[in-house]
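Note sheet for the following structure.
Residue numbers (the numbering used here): 3 to 209.
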């Protein structure tokens, strides 16, 4: 029986010549906007949409993970529906409540971070929701994974019930970017060892 391993030889030669090996690393970038937007836009109506809060991301980043921070005042946040829309048109519901089963009384979102990896759902939290919570959307912020962050992001807030009002103070995007591919040269000594092993594949053996 004769064995040849020409393909193995070619791979090992490429290593010996110093072809780089990939190493992956990502980064976290933040974009935060300060606002003073009444909720709803027509405070006299006490029910309706807030004007969209918009953050323009000026850089191209492919999203590996996204967290969203929100701070707002409102006399009863049960009334509110929070939605985030990406430049690509993807919309995720951060929070909203069922009026027949979820009713509670409580004010404000205070340094609230929506994070798919949080231990608690936002529905398990209590106003003013200080800390990190998973959004109510079952897909979550993972819906944005793989999108380019470049462009205009919109936080949309709907006040579904009368009487209570408030104001958006800030919201922010915390983007973990898709890892870049860096290169690290293979050690010369390792390459030469592999080259030697590869050459042995050309020897003829009889069993």
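Cβ atoms here follow ideal geometry from the backbone N, Cα and C, with glycine treated the same way.
Residue 54 by DSSP, collapsed to three states: which one? Stepping through the chain shown from its first residue, residue 54 is reached at position 52. Note: residue 54 maps to coil in three-state DSSP.
Which residues bound the beta strand (DSSP E) around residue 73? Counting from one through the chain shown, the residue named residue 73 turns up at place 71. Residues 65-76.
Alpha carbon to alpha carbon, how far is residue 100 from residue 162? Looking up residue 100 in the chain shown gives position 98. Looking up residue 162 in the chain shown gives position 160. One C-alpha to the other measures close to 11 Å.
Taking the beta carbon of residue 34 as the centre, do at least 16 other beta carbons fall within 10 Å, making it buried, or is it exposed? Numbered from 1 along the chain shown, position 32 holds the residue referred to as residue 34. The residue is exposed, with fewer than 16 neighbouring Cβ atoms inside 10 Å.
Assigned exposure category for residue 148 - 16 Cβ within 10 Å defines buried: As a working note, residue 148 is residue 146 in the chain shown. Classification of residue 148: exposed, given that the 10 Å Cβ count is below 16.
Residue 39 and residue 70: beta carbons closer than 8 Å? Within the chain shown, residue 39 is the residue found at index 37, counting from 1. Within the chain shown, residue 70 is the residue found at index 68, counting from 1. Cβ atoms of residue 39 and residue 70: not closer than 8 Å.
Just checking my contact of residue 152 with residue 76 at CB under 8 Å: how many whole Å lie between their CB atoms? Position 150 of the chain shown holds residue 152. Position 74 of the chain shown holds residue 76. Not really, about 31 Å apart at Cβ, beyond 8 Å.
Just tell me which of 120, 58, 127 has its CA closest to the CA of residue 88. For the purposes of this step, residue 88 is identified with residue 86 of the chain shown, where counting begins at 1. The candidate whose alpha carbon is nearest that of residue 88 is 58.
Please report the straight-line C-alpha distance between residue 48 and residue 80, rounded to a whole angstrom. Numbered from its first residue, the chain shown carries residue 48 at position 46. Numbered from its first residue, the chain shown carries residue 80 at position 78. Their backbone Cα atoms lie some 14 Å apart in a straight line.
So, at 8 Å on beta carbons, what are the nonlocal neighbours of residue 142 in its own chain, with the 5 sequence-adjacent residues on each side left out? Along the chain shown, one-based indexing puts residue 142 at 140. Closer than 8 Å at Cβ, skipping near neighbours: 94, 118, 136.
Would you tell me roughly how many angstroms separate the C-alpha atoms of residue 90 and residue 150, rounded to the nearest one? Mapped onto the chain shown, residue 90 falls at position 88. Mapped onto the chain shown, residue 150 falls at position 148. If you take the alpha carbons of residue 90 and residue 150, they lie about 8 Å apart.
Kindly indicate which residue of 177, 133, 166, 164 has the alpha-carbon position closest to the one of residue 72. Within the chain shown, numbered from 1, the residue matching residue 72 stands at position 70. Cα-wise, what sits closest to residue 72 is 133.
Would you kindly work out how many angstroms separate the C-alpha atoms of residue 67 and residue 180, rounded to a whole number? Within the chain shown, numbered from 1, the residue matching residue 67 stands at position 65. Within the chain shown, numbered from 1, the residue matching residue 180 stands at position 178. The straight-line gap from Cα to Cα measures roughly 8 Å.
Can you tell me whether residue 110 is helix, strand or coil according to DSSP? What you label residue 110 is simply residue 108 of the chain shown in a count that begins at 1. Of the three classes helix, strand and coil, the one that applies to residue 110 here is coil, per DSSP.
Would you mind sorting residue 102 into buried or exposed? The rule is 16 or more other CB atoms within 10 Å of its CB. Here residue 102 is taken as the residue at index 100 of the chain shown, counted from 1. That one is exposed.
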